[in-house]
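Line by line, the protein sequences are chains R and Z. Per my numbering, residue 2 is the first one in the first sequence, and the count goes up by one each step. Per my numbering, residue 2 is the first one in the second sequence, and the count goes up by one each step. Data block below; observations after.
Protein chains: 2
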Amino acid sequence: MTAGRRGTADHGYGRGMTLLQDQILTVSDTTAEERAQRLTAAGTAWHERIAADAGAAQLTYRVTGRGIGSVATEIRAGKHRFLVDEPAALAGDDVAASPVEYALGALVSCQVVVFRLYAQALGLTIDEIEITAEGDLDVRKLFGIDESGRAGFHDVRVKVDITGPDTAEQYEELRRVVDAHCPVLDLFANPVPTSGALV
Amino acid sequence: MTAGRRGTADHGYGRGMTLLQDQILTVSDTTAEERAQRLTAAGTAWHERIAADAGAAQLTYRVTGRGIGSVATEIRAGKHRFLVDEPAALAGDDVAASPVEYALGALVSCQVVVFRLYAQALGLTIDEIEITAEGDLDVRKLFGIDESGRAGFHDVRVKVDITGPDTAEQYEELRRVVDAHCPVLDLFANPVPTSGALV
Chain R
2 MTAGRRGTAD HGYGRGMTLL QDQILTVSDT TAEERAQRLT AAGTAWHERI AADAGAAQLT
62 YRVTGRGIGS VATEIRAGKH RFLVDEPAAL AGDDVAASPV EYALGALVSC QVVVFRLYAQ
122 ALGLTIDEIE ITAEGDLDVR KLFGIDESGR AGFHDVRVKV DITGPDTAEQ YEELRRVVDA
182 HCPVLDLFAN PVPTSGALV
Chain Z
2 MTAGRRGTAD HGYGRGMTLL QDQILTVSDT TAEERAQRLT AAGTAWHERI AADAGAAQLT
62 YRVTGRGIGS VATEIRAGKH RFLVDEPAAL AGDDVAASPV EYALGALVSC QVVVFRLYAQ
122 ALGLTIDEIE ITAEGDLDVR KLFGIDESGR AGFHDVRVKV DITGPDTAEQ YEELRRVVDA
182 HCPVLDLFAN PVPTSGALV
């Protein structure tokens, strides 16, 4: 397995610029057999850890973001970092995807993980998987033009394209199981108690 | 303003590897005056567009993700792309942040944009802003160990650290206004109608 590595080229950025992502991210190809072994091992390990100590099921995730540039944010999540920006129409420099696009990307990528996990559990095969998420948003609330609506997406549609040897009925059953167990889909579909505070 | 540019070094990746992010993302420094001009111009332009055509307020965002490697996803959002992975404990290669970390990063970065926007609208000054989001998750639902709970975060805490010349009361009022208008906070705090389908 190949983890991310840093590029070694001298990119020669001048003063007044912030180098935000200098990691060249790669992932090696994985055979279906290797993925199956990893998923089975991961599931078994979690079952054993949680059977021994129910508290092992409780995870806290934490990310920190620093406002940079015009309206951009540099996010740190453990050893990883990524940049979020806005297009010019929202006062940004458009050097990275926007917050709501990252939210949709979180949904799509979480679905991929859970499709992998439950395909393995149900004995189904996924040769290729591609997922599109679309979200509709009315910007009038964001800009305070109309306070009656909501600020976030009022409709999200997820379209899953799987290729593989199993039947449409089996993949549809898989999709239903995935949707019942996907953390980010739950975050979209159901209210999450969220509190804010100045520190 | 400096948009992202591609590195030109030959990174010499061999066969069997997928180059996922070869963009070196940078954002130039922005003065407070320049940001203020951009935010004001952006807000004015949206008000004018929407006054002329209410339909201009309706935006549809779309991202597509392709499963790669073990459980990773390469996300495309317009001209931008980013990689999502999982740590080894979830069968990944840990070359990028995980889906739930991207969800928290979406929240943090959206808050930053809306703090910028409403600080400008309210005549407040933000010298520096750093936001941390923590989310608590019980993995038993994800792994099907206990079906009674929820798959996503059951609690999220957002901590906002602002430095600037205005009073604590003014920043607290700003925070309340931001939370009422932040698209991704709304996505967390309230249910979003979300449908899935195989294609």
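Backbone N, C-alpha and C fix where the C-beta goes; we use that ideal spot for every residue, glycine too.
Would you please state the rounded distance, in angstroms, between the beta carbons of residue i and residue j? I believe it to be under 8 angstroms.
i: serine 243 of chain R; j: valine 159 of chain Z; result: Beyond the ends of chain R as shown, which are 2 and 200, falls residue 243 of chain R; an answer cannot be given.
i: leucine 138 of chain R; j: tyrosine 62 of chain Z; result: 7 angstroms
i: alanine 98 of chain R; j: arginine 141 of chain Z; result: Their Cβ separation, rounded to whole angstroms, is 32 angstroms, which puts alanine 98 of chain R and arginine 141 of chain Z out of contact at 8 angstroms.
i: histidine 48 of chain R; j: isoleucine 146 of chain Z; result: 6 angstroms
i: threonine 31 of chain Z; j: glycine 66 of chain R; result: Not really, about 16 angstroms apart at Cβ, beyond 8 angstroms.
i: alanine 190 of chain Z; j: proline 192 of chain R; result: 6 angstroms
i: threonine 27 of chain Z; j: valine 96 of chain R; result: 7 angstroms
i: alanine 107 of chain R; j: alanine 107 of chain Z; result: 6 angstroms
Whose CA, out of the options, lies closest to the CA of residue i?
i: aspartate 187 of chain R; options: Z/Gly165, Z/Pro184, Z/Gly44, Z/Ala104; result: Z/Ala104
i: alanine 89 of chain R; options: R/Phe83, R/Ala73, R/Val185, R/Pro166; result: R/Ala73
i: glycine 93 of chain Z; options: R/Phe189, R/Glu173, R/Leu40; result: R/Leu40
i: aspartate 156 of chain R; options: R/Asp180, R/Lys80, R/Ala134; result: R/Ala134
i: phenylalanine 144 of chain Z; options: R/Gln121, R/Phe154, R/Leu125, R/Phe144; result: R/Gln121
i: aspartate 86 of chain Z; options: Z/Lys80, Z/Gly68, Z/Glu34, Z/Gly79; result: Z/Gly68
i: glutamate 148 of chain Z; options: R/Thr31, R/Arg82, R/Gly136, R/Val178; result: R/Val178
i: alanine 43 of chain R; options: Z/Leu84, Z/Leu91, Z/Glu173; result: Z/Leu91
i: glutamate 129 of chain Z; options: Z/Asp167, Z/Asp95, Z/Lys80; result: Z/Asp167
i: arginine 36 of chain R; options: R/Leu108, R/Glu102, R/Thr126; result: R/Thr126
Identify the continuous alpha helix (DSSP H) that holds residue i and give its terminal residues.
i: glycine 106 of chain Z; result: 100-123
i: phenylalanine 189 of chain Z; result: 184-190
Residues in its own chain within less than 8 angstroms of residue i by CB, not counting five upstream and five downstream?
i: proline 194 of chain Z; result: none
i: arginine 151 of chain R; result: Asp139, Lys142
i: alanine 181 of chain Z; result: none
i: leucine 123 of chain Z; result: Gln171, Glu174, Leu175, Val178
What in chain A is Cβ-close to residue i, meaning under 7 angstroms?
i: proline 192 of chain Z; result: Among the protein chains in the structure shown, which are R and Z, there is no chain A.
Leaving out five residues on either side along the sequence, give the residues of the same chain with a beta carbon under 6 angstroms from the beta carbon of residue i.
i: alanine 198 of chain Z; result: none
i: glycine 136 of chain R; result: Leu105, Phe154, Val157
i: glycine 56 of chain Z; result: none
i: tyrosine 172 of chain R; result: Ile163
i: valine 109 of chain R; result: Ile132, Ala134
i: leucine 45 of chain R; result: The sequence given here has threonine at residue 45 of chain R, not leucine. None.
i: glycine 165 of chain R; result: Thr126, Ile127, Asp128
List the residues that DSSP assigns as beta-bridge partners of residue i.
i: tyrosine 62 of chain Z; result: R/Gly136
i: serine 71 of chain Z; result: Beta-bridge pairing links serine 71 of chain Z to no other residue.
i: threonine 126 of chain R; result: Bridge partners of threonine 126 of chain R: none, in fact.
i: glycine 197 of chain R; result: Z/Val159
i: alanine 78 of chain Z; result: Z/His81
i: valine 1 of chain Z; result: With chain Z covering 2 to 200 only, the question about residue 1 of chain Z has no answer from this structure.
i: glutamate 131 of chain Z; result: R/Arg67, Z/Asp162
I'd like the span of the beta strand (DSSP E) that includes residue i, first residue to last.
i: alanine 42 of chain R; result: No beta strand (DSSP E) holds alanine 42 of chain R; the alpha helix (DSSP H) holding it covers 33-53.
i: isoleucine 163 of chain R; result: 154-164
i: phenylalanine 144 of chain R; result: No beta strand (DSSP E) holds phenylalanine 144 of chain R; DSSP gives it neither H nor E.
i: valine 85 of chain R; result: 81-85
i: alanine 97 of chain R; result: No beta strand (DSSP E) contains alanine 97 of chain R, which DSSP labels as neither H nor E.
Apart from the five residues just before and just after residue i, which ones in its own chain have a Cβ nearer than 7 angstroms to its Cβ?
i: glutamate 131 of chain Z; result: Asp162
i: cysteine 183 of chain Z; result: Cys111, Gln112, Val115
i: valine 200 of chain R; result: none
i: alanine 78 of chain Z; result: Val64
i: arginine 176 of chain R; result: Val161
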